[in-house]
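For the sequence shown, this note's numbering begins at 565 and goes up steadily by one. The beta-carbon is built from N, C-alpha and C at its ideal position, and this holds for glycine as well. All of these numbers come straight from a predicted model, not from anything done at the bench. What follows is a short report on a single structure.
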Amino acid sequence: MIGWLVFGGFALLAIALLLLIRFPKRFWTVPAMAVMLAGAGYAWQGQPSLPDHPVEGVASVRPLDPDLIAAREGLFGRFNFDYSYFMAADAMTRAGAPQLAATVMLGAVRKAPNDLGLWAGLGLALSEHDGDQLSPAARYAFDKAETLAPNHPGPPFYRGVALARAGDLEAARQAWGKALRLLPPTASYRDDMVGVMLKLDPGLAAAARSALPANPPPAR
């Protein structure tokens, strides 16, 4: 019984968050279906009638990186069409429900199929949902984003984040290098992007230092 009460609480929280960000009513069937499927799966495989008991924590919950959010707002904008969907996905991530975050972003690209930011966000959400693995679906989303805007730094930056989380740091560095080359020189969010890179790849700074000449020629 306690299990169902907890599940119901999460469902009500999700509804409240969607109302708060004014999630489009025409797409309410998407999160509603996700909650229904989650409930059915819980009833089938879980044990909702068991009494509650202490647990160590939920490993799937990942704190949101403020640098990643700041970089996202710099790359794709704030308080625009994309923003409401990103906020909804963030709320699902905070609640430890990456599958619902991916569902939100999937509904977003169905609403705006030519929006590069939403496709990049979908790619990252899918990789998180798949256990930080760059699945074929996530690759397709990143490829779609880069096809829509081949000169935008956002898609390769997001791809690099997914690659780094998957443990492929070499490929992540290549993607990030491309993103930095495409980034406008005066971009105010460059430091936010670099902050994300250094958190995911601490060896990046050392690699950059080792690439510099030991004795640079004197200035003339």
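According to the neighbour-count rule (16 or more other Cβ atoms, all chains shown, within 10 Å of its Cβ), is residue i buried or exposed?
{"i": "R674", "result": "exposed"}
{"i": "D756", "result": "buried"}
{"i": "S613", "result": "Because S613 carries a pLDDT of 46, less than 50, the predicted location of this residue cannot be relied on, and no value is offered for it."}
{"i": "S752", "result": "exposed"}
{"i": "A709", "result": "buried"}
{"i": "L690", "result": "buried"}
{"i": "F640", "result": "buried"}
{"i": "T657", "result": "buried"}
{"i": "L628", "result": "exposed"}
{"i": "G767", "result": "exposed"}
{"i": "F643", "result": "exposed"}
{"i": "E620", "result": "In this predicted model, E620 has a pLDDT of only 40, less than 50, meaning its place in the structure is not dependable; the value taken from the coordinates is given anyway. E620 comes out exposed."}
{"i": "G605", "result": "Because G605 carries a pLDDT of 49, less than 50, the predicted location of this residue cannot be relied on, and no value is offered for it."}
{"i": "G671", "result": "buried"}
{"i": "P630", "result": "exposed"}
{"i": "V622", "result": "Note on V622: pLDDT 41, under 50, position unreliable in the model; the coordinate value appears next. With fewer than 16 other Cβ atoms within 10 Å, it is exposed."}
{"i": "H617", "result": "Because H617 sits at a pLDDT of 41, beneath the cut-off of 50, its placement in the model cannot be relied upon, and the point is left open."}
Please report the residue range of the alpha helix (DSSP H) in which residue i lies.
{"i": "V686", "result": "With the sequence shown as reference, residue 686 is identified as Leu, and Val is not the correct amino acid for it. L680 to H693 is the span of the alpha helix (DSSP H), which, as asked, contains L686."}
{"i": "P714", "result": "From DSSP, P714 is part of no alpha helix (DSSP H); its letter is neither H nor E."}
{"i": "Y647", "result": "F645 to R658"}
{"i": "G741", "result": "L733 to L746"}
{"i": "Q697", "result": "Unbroken run through Q697: none, as it is neither H nor E."}
{"i": "R754", "result": "R754 to L764"}
{"i": "G641", "result": "Note, G641: premise wrong, no alpha helix (DSSP H); not H, not E."}
{"i": "A666", "result": "P662 to K675"}
Can you tell which of the options has the C-alpha that lies nearest to the C-alpha of residue i?
{"i": "L688", "options": "K742, Y704 and P766", "result": "Y704"}
{"i": "G741", "options": "L712, N644, G731 and G718", "result": "G718"}
{"i": "A665", "options": "L686, N678, D679 and P677", "result": "L686"}
{"i": "Y647", "options": "V668, A769, A713 and D765", "result": "V668"}
{"i": "D645", "options": "A676, E734 and R729", "result": "Here residue 645 is Phe; the residue named in the question, Asp, does not match the sequence. Comparing Cα positions, the closest option is A676."}
{"i": "A661", "options": "H693, A684 and G681", "result": "H693"}
{"i": "S699", "options": "N715, F640 and A730", "result": "A730"}
{"i": "A769", "options": "D696, R737, A659 and G638", "result": "R737"}
{"i": "L733", "options": "D631, Q697 and R636", "result": "Q697"}
{"i": "P748", "options": "M651, G638, I633 and A701", "result": "G638"}
{"i": "D765", "options": "A739, P627, D679 and A652", "result": "A739"}
{"i": "L680", "options": "H716, A652 and L632", "result": "H716"}
{"i": "R626", "options": "A672, L744 and D654", "result": "D654"}
{"i": "L682", "options": "A743, A735, R636 and D631", "result": "R636"}
{"i": "A701", "options": "A728, A659 and A684", "result": "A684"}
{"i": "P714", "options": "L746, A735, A728 and G695", "result": "L746"}
{"i": "Y678", "options": "A735, L712, I633 and A743", "result": "The residue asked about is misnamed: residue 678 is Asn in this sequence, not Tyr. Among A735, L712, I633 and A743, the Cα nearest to that of N678 is on L712."}
{"i": "A728", "options": "R754, Q663, A634 and G695", "result": "G695"}
Any beta-carbon of chain D closer than 8 Å to the one on residue i?
{"i": "T657", "result": "Among the protein chains of the structure shown there is no chain D, as only one such chain exists."}
Requested in this report: Report yes or no: do three or more beta-carbon pairs, one from the stretch 745–761 and one from the stretch 704–724, lie closer than 8 Å?
Outcome: yes
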